[in-house]
Amino acid sequence: MTLFHLIEVGYYVSKQFFKCETTPLRPVDCFDLEFYTTENGFSFINGVAYPHRIGNILLAAPGSNRYSKKSFECYFIKFMPTFPTDEIEALSLAPLVYKAFNYQWFSGLFSECVQEFSYHSAGWETMISGKLTQILAGILREQKLYTGGSLKVYADNIYAAEEFMKKHLKEELTLADIARSAALSPSFFHKTFKELTGQTPWRFLQIERLKLARHLVLNSRLSLDKIADLCGFCSRQYFDTVFKKEFHQTPACLRKSVKRII
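Note that UniProt numbering has the sequence shown beginning at 1, numbered continuously upward.
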């Protein structure tokens with residue numbers, strides 16, 4: 001017997017299911033665990049708004065009522081524990097959103113869960129239950145780990161660097177360029193950025209480029225080659241590769257699927 005009864009695991013793109021910006025109110029009949037990959041809109045749980053932010057993890061407990069506003073994308077795991085666990089007891093006291101500081105680690109685990117559920121290979125339930133335990137324990141560990149620390153005094157520097165990268169997505173940035181915007185040395189900046197955000201500057205830059213690219217794919221008539229160039233990808237082939245790795249479909253497939261719905 002595994003720790004969890006797995007109901008559904010996948011990658012959710014709201015535009016593929018709903019044309020309207022507000023989804024119908026629905027009761028939550030199991031645990032809804034969601035890891036957001038876009039920054040748009042809100043999930044409302046029992047009337048409280050929780051923003052969709054890249055790296056946010058939402059856990060809605062059974063008995064809640066929820067709906068969402070505006071389009072968004074996320075990994076999701078719907079499950080019920082087969083017996084009580086410390087992680088579930090600690091996390092299910094109220095609908096909560098957590099910031100995943102180690103974005104890459106959580107993203108990898110959620111992605112692996114989706115693959116296991118899709119293939120249904122031998123032992124898939126055990127594999128997903130193990131990864132789900134890691135995710136839940138990781139949330140609790142991060143809440144304790146990132147509640148203080150001397151590097152927090154550089155939060156404004158890191159924010160400045162993030163804003164700089166967002167404004168220069170098309171350019172070929174060096175570590176020295178980005179560190180200069182934060183008024184820190186390259187080596188110290190790289191270390192501080194990773195410790196405070198859980199990801200490297202390059203991963204942050206890639207996420208921002210992909211976020212802009214997804215928006216343009218869905219909301220513009222620009223060619224995919226033009227989008228790749230505007231978002232700072234060195235080639236169309238590389239753009240397609242990293243886009244599919246992150247969102248489990250190529251830019252062309254995403255654009256085509258949305259056109260079918262419209």
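Cβ atoms here follow ideal geometry from the backbone N, Cα and C, with glycine treated the same way.
The beta carbon of residue 135 sits closer than 6 Å to those of 109, all from its chain and outside the five residues before and after it, given in chain order. Put simply, the segment 209-225 touches the segment 236-250. At least three CB pairs are less than 8 Å apart. Rounded to whole angstroms, the separation of the alpha carbons of residue 216 and residue 170 is 14 Å.
Three or more Cβ pairs closer than 8 Å define a contact, and the segment 34-51 meets that threshold against the segment 59-79. If you draw a straight line from the Cα of residue 235 to the Cα of residue 228, it is about 7 Å long. When beta bridges are read from the DSSP output, residue 80 appears opposite 5. The C-beta of residue 7 has fewer than 16 other C-beta atoms within 10 Å across all chains shown, which makes the residue exposed. Residue 242 and residue 103 have their C-alpha atoms spaced approximately 16 Å apart. Only residues of its own chain outside the window of five on either side were considered, and among them none has a CB closer than 6 Å to the CB of residue 253. As far as DSSP is concerned, residue 112 takes part in no beta bridge. Separation of residue 46 and residue 130 (C-alpha to C-alpha, rounded to the nearest whole angstrom) is 30 Å.
For residue 43, the uninterrupted beta strand (DSSP E) segment begins and ends at 42-45.
Counting only residues of its own chain and dropping the five nearest sequence neighbours on each side, residue 251 has a CB closer than 6 Å to the CB of 217, 224 and 243.
Scanning 178, 195 and 166 for the CA closest to the CA of residue 230 turns up 166. If the five residues before and after residue 41 are omitted, its C-beta is found closer than 7 Å to the C-beta atoms of 52, 68, 69, 70, 71 and 72, all from its own chain and listed in chain order. Along the UniProt domain "HTH araC/xylS-type" (159-257), the alpha helix (DSSP H) occurs as fully enclosed runs of 4 or more residues at 175-181, 186-197, 201-219, 224-230 and 236-247, listed in sequence order.
Taking C-beta separations shorter than 8 Å and ignoring five residues to either side along the sequence, the partners of residue 80 in its chain run 4, 5, 7, 30, 31 and 62, following chain order.
Between the C-alpha atoms of residue 44 and residue 50 there is a straight-line separation of about 6 Å. The C-beta distance from residue 56 to residue 99 rounds to 6 Å, short enough to fall under 8 Å.
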